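As structure tokens, the structure follows; a few thoughts come after it.
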Amino acid sequence: MIDEMMNFTTAIDFAEHPMNNTKTKWKRKYYLALEYFVKASVSDEYAISRLEQYKRKFFGNTKITDTEVKIEKVVYAIVNSRYHPGRKKYRYWLMCDIALILADEHLIDQTAKEMQKFMTKHQWEKLDILIQILKGKDKVDYKSIVFAMNLMQQYRKNSNFNKKQIRRFIVTANMSAGKSTLINALIGKPLTRTSQEVCTGNLSYLYNKPFEDGCIHLKNNTFTLEASPNDLANISWEYKTHIASFFRVMNENAHRLCIIDTPGVNSAINRQHGKISREALKNEQYEKVLYILNANKLGTDEEIAHLKWISENIQKEKIIFILNKLDDFKAADDNIDISLSRVKNDLAILGFDSPIICPMCAYFALLIKMKLYGDQLTDDELDDYALYIRKFNRPMHDLSKYYNGIQVEPDDSEAVKMSKRCGLYGLEKILFGGAQ
């Protein structure tokens, strides 16, 4: 499954694509040449969807038709451009776009040989410089093809990213613990549904992408590389769901990640949800289990039952407990230190010796990232953000003290300062940076 999803997590940024500002006539020929070479190599749902995406980005809703007698003439006009030296850049951009879609060196080499049939020997020797750069040959002189730098860099970022070992985390909780909000906070975007209803009825796999391209990939009963909020809100839970988007982390995001979202195990509506979650916890490959505890509803029968099952079936060293919703605590009535101590003692009784417990306010963490990245917050979200700023500036709600090596520095920005105080920064360090 991991290798099969590599193409699914590939990012392509069309914002500054060099063909954006060319005449429609040549843009059309360029697309037809791209389609010709890609379909000659592969025709899976990902490749077809990528071609459709290129078509939308280049032409919007305008239909393109092939008025040429032979497609080979169109391809020759783009790849060779022998009589139009000013358009020689097209074949370099085309090779980059083919590489971005295929994302496989063997297929890229195979397609390059097909392209070679349309070129002179000298043209091929020049294009081969670009191919060597795509393969990571650092000593190749790229100065003569600097006009293709943006697309070359995108391919290299994807290629280097996909060579990394994927790190997988599985998330489990009872309903209303804030599981979906915590996942959204780690990703930095509201990708998973959050409400008191049963939101997740099957497994969801959320994958990181190497860089932000503004697109969300969705594979469910349908396949799209540009999922809308409506698509995400109407996922069919008859199927497992795969979503790919760039993860916004507070520190440098160099990891290839997969977060596995499981159904709440205490659904009174569908007992099958608990079975799905437990089978995933026993059979999926993952590095850590993120167990979300609701700080306001500890000690329920459903919670104790699930914790006992976890204790008996999952390796203890894989488990990280996240004590969520501490923002609801009141200074006059609640004490975070005492609550953490009680949770630790309760977990010890259930067989968890020296558990890692991470206090957290997942909702504030999500708002921090959304504001940091310029997302449009609603009036209610802006009010909540302002309230949380005041609350987490108070010593009682400074959760950074519960994470080793995490402390607020005088020169921290508001986003970094608040991410430390709400527990986000420390949790990400544990997951992605090795802190305790």
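So that you can map any letter, position 38 of the sequence shown is 43 in my numbering, and since no number is skipped, the others follow by simple counting.
Just so it is clear, CB atoms sit at the ideal spot from N, CA and C, and this is done for glycine as well.
As the structure is a prediction and not an experimental result, all values here were calculated from the model.
Contacts around residue i, its chain only, beta-carbon distance under 8 Å, and the 5 residues preceding and following it disregarded
| i | result |
| --- | --- |
| aspartate 351 | Leu303 and Gly304 |
| aspartate 218 | Ala16, Ile17, Asp18, Phe19 and Phe251 |
| isoleucine 69 | Arg33, Tyr36, Leu37 and Lys60 |
| serine 418 | none |
| isoleucine 76 | Leu37 and Tyr41 |
Collapsed DSSP secondary structure at residue i in the structure displayed
| i | result |
| --- | --- |
| phenylalanine 174 | strand |
| phenylalanine 326 | strand |
| histidine 260 | coil |
| cysteine 366 | coil |
| tyrosine 291 | coil |
| threonine 116 | helix |
| phenylalanine 228 | strand |
| isoleucine 319 | coil |
| isoleucine 411 | coil |
| isoleucine 69 | coil |
| valine 151 | helix |
| isoleucine 361 | strand |
| threonine 27 | coil |
| alanine 45 | helix |
| asparagine 167 | helix |
| aspartate 416 | coil |
| glutamate 386 | helix |
| asparagine 350 | helix |
| asparagine 239 | coil |
| glycine 438 | helix |
| glycine 431 | helix |
| serine 86 | coil |
| isoleucine 309 | helix |
| glycine 402 | Here residue 402 turns out to be histidine, not glycine, going by the sequence shown. DSSP places histidine 402 in helix when its eight states are reduced to three. |
| serine 424 | helix |
| aspartate 143 | coil |
| isoleucine 76 | helix |
Distance CB(residue i)-CB(residue j) smaller than 8 Å
| i | j | result |
| --- | --- | --- |
| asparagine 189 | alanine 108 | no |
| tyrosine 41 | tyrosine 59 | no |
| leucine 404 | aspartate 389 | no |
| asparagine 329 | leucine 187 | yes |
| leucine 39 | isoleucine 103 | yes |
| methionine 365 | glycine 428 | yes |
| lysine 131 | glutamate 110 | no |
| isoleucine 248 | isoleucine 297 | no |
| leucine 237 | leucine 196 | yes |
| isoleucine 138 | tyrosine 147 | yes |
| arginine 253 | lysine 169 | no |
| leucine 355 | leucine 286 | no |
| threonine 14 | asparagine 213 | yes |
| lysine 323 | leucine 436 | no |
| tyrosine 393 | phenylalanine 369 | yes |
| isoleucine 134 | valine 151 | no |
| methionine 24 | cysteine 101 | no |
| arginine 261 | phenylalanine 166 | yes |
| asparagine 443 | threonine 246 | Absent from the structure is residue 443, since the part of the chain shown begins at 6 and ends at 441. |
| serine 344 | alanine 391 | no |
| isoleucine 264 | leucine 331 | no |
| isoleucine 341 | methionine 401 | yes |
| glutamate 119 | alanine 232 | no |
Which residues DSSP lists as bridging residue i, in chain order
| i | result |
| --- | --- |
| aspartate 266 | Val176 and Ser209 |
| isoleucine 248 | Leu211 and Leu223 |
| isoleucine 192 | Isoleucine 192 is not bridged to any residue. |
| tyrosine 296 | Thr177 and Phe326 |
beta-carbon residue i near the ligand ATP non-hydrogen atom, thresh 7 Å
| i | result |
| --- | --- |
| threonine 116 | In the structure on display, the ligand ATP does not appear, and there are no ligands present to speak of. |
7 Å CB neighbourhood of residue i in its chain, flanking five on each side removed
| i | result |
| --- | --- |
| glutamine 290 | Arg173 |
| serine 282 | Thr177, Thr267, Pro268 and Val270 |
| asparagine 155 | Glu21 |
| lysine 349 | Pro360 and Ile362 |
| lysine 280 | none |
| tyrosine 160 | Cys101, Ala104, Leu105 and Leu139 |
| valine 80 | Ala38, Tyr41 and Phe123 |
| serine 200 | A caution first: serine 200 carries a pLDDT of 49, below 50, which makes its placement in the model unreliable, though a value can still be read off. Excluding positions up to five away in sequence, the list is empty. |
Own chain partners of residue i with C-beta closer than 6 Å, once the 5 adjacent residues on each side are dropped
| i | result |
| --- | --- |
| tryptophan 129 | Gln121 |
| alanine 82 | Lys34 |
| asparagine 12 | Tyr51 and Ala108 |
| alanine 367 | Gly183, Thr186, Leu187, Ala190 and Asn329 |
| arginine 92 | Ser86 |
| methionine 255 | Ser424, Tyr430 and Glu433 |
Neighbour flag for residue i against chain D, beta carbons, 8 Å
| i | result |
| --- | --- |
| aspartate 417 | Judged by its chain identifiers, the structure shown contains no chain D, having just a single protein chain. |
Exercise. Taking contact to mean at least 3 C-beta pairs separated by less than 8 Å, is the segment 380–398 in contact with the segment 423–440?
Worked result: yes
For this session: Inspect the CB distances between the segment 169–181 and the segment 257–271 and report whether three or more fall short of 8 Å.
Result: yes
Problem set entry | Inter-stretch contact at 8 Å, needing at least 3 Cβ pairs: the segment 116–133 / the segment 57–66 | At 8 Å Cβ cutoff, the stretches do not touch.
Exercise. Within the chosen definition, does the segment 212–227 reach the segment 241–253 through at least 3 CB pairs nearer than 8 Å?
Worked result: yes
Problem set entry | Touch test, the segment 46–53 against the segment 86–97, Cβ-Cβ under 8 Å, three pairs minimum | no
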